[in-house]
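Structure record follows, encoded as structure tokens.
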Amino acid sequence: DSAAKFKYNIGTVYRYQHSINASLNLGNASTSSNLFITSVVEVTFVTPCEADLRIIDSSIAQRIRSKYEAEYPDRSESEFKRNLNKYKLRFAFEDGRIRELCPHPKEPIWSLNIKRGILSMLQNTMKRFDVDHHSDELDVNGICDTRYRLHEARKTSLIIMKTKDFNKCTNRGKHLSIIQSTGYQSPRKHSTNGLLDSYVNCEIVIDHNIYQSVICKESHRLKALSNRDAAVKSIIDSSLILIKERKEGETDDDEEEKEEAEEAEEEEEEGQAGEIIDEEKLIGLDYSHIVPTNLLYDHSLESSSEKSNRNELRTSWDLLNRMCLLATSGQLEQPFSQVFTKLIHSARLLDYSQLSQLLSRGETICTGGRKHILDALPFIGTSASLKVMRDSMLKKTIDKDRSEKWLTAIALVPRPDSSTVAALLPILELEDYMPNGHVTLVYSAIVRAFCQNNAAIDKWRRTSSFFDDGECLGIEGTGINKFLNKLEKTISDGCAPRAHQLSENLKSLEALKAIGNMGLETESLLERLEECVKDVGGFLPMEIKIGAIEAHRRLPSCSDRRDKLFLKLYRNTTLDPEIRIASYLQAMNCPDYNVIKLIKETLKEEPVNQVGSFVWSHLKNLLTSSSPTRIEIQSLLSDRDIDNKFNSDARKYSRNYETSFFSEEYNIGGTLQSNVIFSSKSYIPRTLTFNVSLDLFGESVHVLEVTIRMEGMEYYAEKFFGPDGPLANEKISQHIVNFLRSLRSTDDDGSRNIWEDIKRLPNVIDNNFDDPRLTISYKIFGNDIDFINLRGRNDIVNNLVALNPWTKLKKLFSGKEIRYESAGMFVDSSYIVASASGLPVRLDLTGSAACNFKLAGNLNTNKFSDNNQLEFIGNLAPSVSLDVTGKMTVDAFYKSSAIKIRSNAYSSSAVRLKLDIKGMEWIRLNFELPNRKLEIFSINTDVSLVDGNGAMSTEKSALMSLKNRPTYLANTTCSWPILERMIGLKLCIDYQFPNVTQLTDASYILLNGPTFFRSYIIKADSTAQSYLFEYKWNATP
């Protein structure tokens, strides 16, 4: 085509020298952590629109090595080279635009991402080289605002400048954490990234219609802690330079020798692994099993732990030993939480057998070692750790309390793989052992996470019709199909037209909640659910019918069930308002123009105030909501379509409430929503729902939802406020009873007795005020995790008594020693963006805390009622260690470079107290300090550069060569000597801070040097045994 921009010849091999230089530093010419990648890239066109990309030589290092050092690559470099060079990549080239890639099925994801970076450099979407171009372009960076500008012409070459605005990108970053979320589109077409300030500029040289060179420079600066150039930043330079053209099939002698040496090296490595592979068969492009993809960066590798190290078990072993040493004195030492974090990261690289071995030998490694591993297991989050947790629960080698905590942790695992789903299926056997654990809900949450996030792993490519096609159910070996069939049978039995026991109703309710979690369906399951909703025999409690409606919340057939079932139920004015409101909410999960039109028409003629009030308030809140997840439905609504007919007394009628905010500039917001639903049979709300959601950087997170359902609670209102209740005063009691009656009264017969009025209600089944019921359930990240069902007065009262704080306080100070030891990770979050080179730039934030409390106290209140005398004797020894680490990393899988900021806070003390109180007349406090020193509070921070080599890493200070090094303010100061002689105690403070007041371009104080602050008390007089403080009040006549 004579009009084509590029004129690459078919059968010609174009060889380019490719390099990536990544540097992480603090700006101002500081010391940096570096990563250098070089390779030789060959591009061969097989047709005018198709070409193959092959890397024939590559190397990776963390410093520029001499010529002789290059002959001796380490193991990580050899693995990097072997995997990157192994497969060629076929791609579609439409005169500069690269729409489709056809990678080999065994191509590693990290390797394919690097090749995506190379092809993104070769992409040019200009219509003509002499006309500037501006459009949204899809490449490894995402879909970004891209500008091409003809800079100049040099002899036969054209110089084109290419820039991308990373602040105007979509499909760019990915958040990884325990938080499960759904995406949303920001109101702004392009929203600003709140974490990184990034840019990329490329200079493209084109000669005779082919690329001569592409040189790109990009920067990623962490916005937090920055001041102009002084900041945590990653600078990545990429280049692609044409070095040779040759006809396909022609090779140089030197090249032949090099390729033969490489093939011999590969055969030797594969032979050592016991796996001789025919390279031609691997590289040979059989497209029948290839799934086409595009240039977008593949984030699926980020959720898997494929890195391994043969020595990692020894590393974990050593870390465990160190943790024991830091806790041997009964109090934690300051580095404990930091070592705990390292243990978690190290254990993530262990396989199932290694982790099992570490746990089984934990107590032989050191005293307390097993407990430290048990504390760490829920936070490791790998398939191996989940299997070890499963084994411990099934074998009952841990107590029931820990098992229940573990079940909650398992339910929150965000990215399980297929082997994990299958391995966790046996935990369903724990239902009888832990009836309050709701194992069915836990497993359903695991299935949901797998189907939603990890179906693309292990060759299952997720598509928009993934759930519709039932692919998740069709995956063999996971056990999901059997689990769904079990739930369907439970629902079928529980909704049969006959009387049911309470235990059967609870099982049915749990099964319905599990269906709602998973979002999977079959035709027969839909039929069973419809039977539950309609309850032809009238045997089912309202809670089961509502649960059956809510079980549809994630099912793929939302539109079909909406039209065939829920809109009909909503419009049936003879049904209970609870059923109608639940059906309306389900229909609004997938609204369209016709649905909204039908709902608004029904609302105009609505005869039931309960339903009309709720629907009106819900539509009004949707219309005025600030949440970006409401934008689509807001386009279907308008103010003039929603009149104020049902804007009635909120105290009397069902209602939806919402408070929300959203910042378009920072792309963050939040929503607080609640539903108050009454029944026509009661003046007390039947259902209260509270929901908290956050919108963060394109991800909507349903943080927490709590639902309280009450039936028969009118008895307690009468009992509490009636003549025999705590408020026995007749006037107060009558006033409150009349007030409560007025909230639901619609006529003037307020003088009638409420209890008698209730007895006259016509429906005997619903007249259950002698059998009150209370159900409390909660969802985390949209998944039902647990629910509590209380039935009958005794059950409710006993649970309320168990919450009595005075009873708990007396138990706490009963004289027995109470020890509480715990360690956990309270934050573990990552944000990953792709660089133009195809390497990920990763921000990690981890935080761990550990505490050790010893408390023994005796509270004597026998004489308190007589003369206000109180006596307390106690020993208290708390110690707390907290560690927070932030890190920016450029990761090439086998090697990485990073810069890390770590902060640690610590407190440790021990004291013995004796307190005597006799009213306001006499207060006597006696305390002893068993240790010579009390660490009141200390905090320190440090910055280091990290070079990663496989699973191993080395650290060095990041502050060795700052351009403008600050001076430090350091001092140790103690309390006055006269005070020391008086009480025998000395309060001291140590501190060190960089003085950045005179540096105009200094970054945030934490990035300018080690900082620390420490406050402590020293027992200056070693002979002092105790300290007495006494207060007396002598009243004179």
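According to UniProt numbering, the sequence shown holds residues 1 to 1037 in order. By construction, the Cβ of each residue, glycine as well, lies at the ideal position given by its N, Cα and C atoms.
Close-in-space but distant-in-sequence residues of the same chain around residue i (CB under 6 Å, 5 per side omitted)
{"i": "S909", "result": "L934"}
{"i": "K854", "result": "R819, A877"}
{"i": "F80", "result": "I60, Y894"}
{"i": "T182", "result": "S700"}
{"i": "M389", "result": "L377, W406"}
{"i": "L242", "result": "Y16, Q212"}
{"i": "K387", "result": "Y352, A423"}
{"i": "R791", "result": "R773"}
Close Cβ partners of residue i (< 8 Å) along its chain, the five nearest in sequence each way excluded
{"i": "L636", "result": "P591, D592, Y593, I596"}
{"i": "D402", "result": "Looking at the sequence shown, residue 402 is not Asp but Arg. Closer than 8 Å at Cβ, skipping near neighbours: L374."}
Per-residue DSSP class, three states only, for residue i
{"i": "M542", "result": "helix"}
{"i": "C366", "result": "coil"}
{"i": "S953", "result": "strand"}
{"i": "H220", "result": "strand"}
{"i": "M126", "result": "coil"}
{"i": "N453", "result": "helix"}
{"i": "G670", "result": "strand"}
{"i": "N862", "result": "coil"}
{"i": "L637", "result": "coil"}
{"i": "S557", "result": "coil"}
{"i": "W110", "result": "helix"}
{"i": "S464", "result": "Reliability of the predicted coordinates at S464 is poor, the pLDDT of 37 falling under 50, and the value obtained from them is presented with this limitation in mind. In this structure, S464 counts as coil in the three-state DSSP scheme."}
{"i": "H175", "result": "strand"}
{"i": "I1017", "result": "strand"}
{"i": "residue 1040", "result": "Residue 1040 cannot be examined here, being either before or after the span of the chain that is shown, 1 to 1037."}
{"i": "A823", "result": "strand"}
{"i": "F448", "result": "Just to set this straight, residue 448 is Arg in the shown sequence, not Phe. Helix, per DSSP."}
{"i": "R709", "result": "strand"}
{"i": "E1030", "result": "strand"}
Cβ neighbour criterion (16 or more within 10 Å) applied to residue i
{"i": "Q131", "result": "Sequence check: residue 131 is Val here, not Gln. That one is exposed."}
{"i": "N209", "result": "exposed"}
{"i": "L477", "result": "One point to set straight first is that residue 477 is Gly, not Leu, in the sequence displayed. It counts as exposed."}
{"i": "C202", "result": "buried"}
{"i": "S1022", "result": "exposed"}
{"i": "residue 1107", "result": "Outside the displayed range of the chain (1 to 1037) lies residue 1107, so it cannot be described from this structure."}
{"i": "W317", "result": "buried"}
{"i": "Y683", "result": "buried"}
{"i": "S578", "result": "This sequence places Glu at residue 578; Ser is not what is there. Buried, since its Cβ has 16 or more Cβ neighbours within 10 Å."}
{"i": "S837", "result": "buried"}
Alpha helix (DSSP H) segment containing residue i, residue limits
{"i": "K486", "result": "480-494"}
{"i": "S1022", "result": "From DSSP, S1022 is part of no alpha helix (DSSP H); its letter is neither H nor E."}
{"i": "W317", "result": "312-325"}
{"i": "L516", "result": "According to the sequence provided, residue 516 is Gly. The question's Leu does not apply to it. Counting along the chain, the alpha helix (DSSP H) containing G516 begins and ends at 502-518."}
{"i": "I581", "result": "577-587"}
{"i": "E77", "result": "75-85"}
{"i": "Y570", "result": "567-571"}
{"i": "C988", "result": "No alpha helix (DSSP H) holds C988; the beta strand (DSSP E) holding it covers 985-995."}
Delimiting residues of the beta strand (DSSP E) encompassing residue i
{"i": "K895", "result": "895-908"}
{"i": "residue 1043", "result": "Only positions 1 to 1037 of the chain appear in the structure, and residue 1043 is not among them; the question remains open."}
{"i": "D786", "result": "783-791"}
{"i": "S23", "result": "12-25"}
{"i": "C974", "result": "967-974"}
{"i": "I923", "result": "922-928"}
{"i": "I204", "result": "196-207"}
{"i": "R97", "result": "Unbroken run through R97: none, as it is neither H nor E."}
Sequence-distant residues of the same chain with beta carbon closer than 7 Å to residue i, five excluded per side
{"i": "E107", "result": "Y87"}
{"i": "L694", "result": "G670, V701, V703"}
{"i": "I549", "result": "V533, A582, S583, Q586"}
{"i": "A92", "result": "C49, E50, I98, R99, E100"}
{"i": "V827", "result": "L845, T846, G847"}
| query | Taking only runs of the alpha helix (DSSP H) that begin and end inside the segment 365-437, which ones reach a length of at least 4 residues, in chain order? | reply | Counting only runs of 4 or more, we get 369-380, 383-394, 400-411, 418-423.
| request: Please specify which runs of the alpha helix (DSSP H), each continuous and at least 4 residues long, are wholly inside the segment 604-631, giving them in chain order. | output: Counting only runs of 4 or more, we get 609-624.
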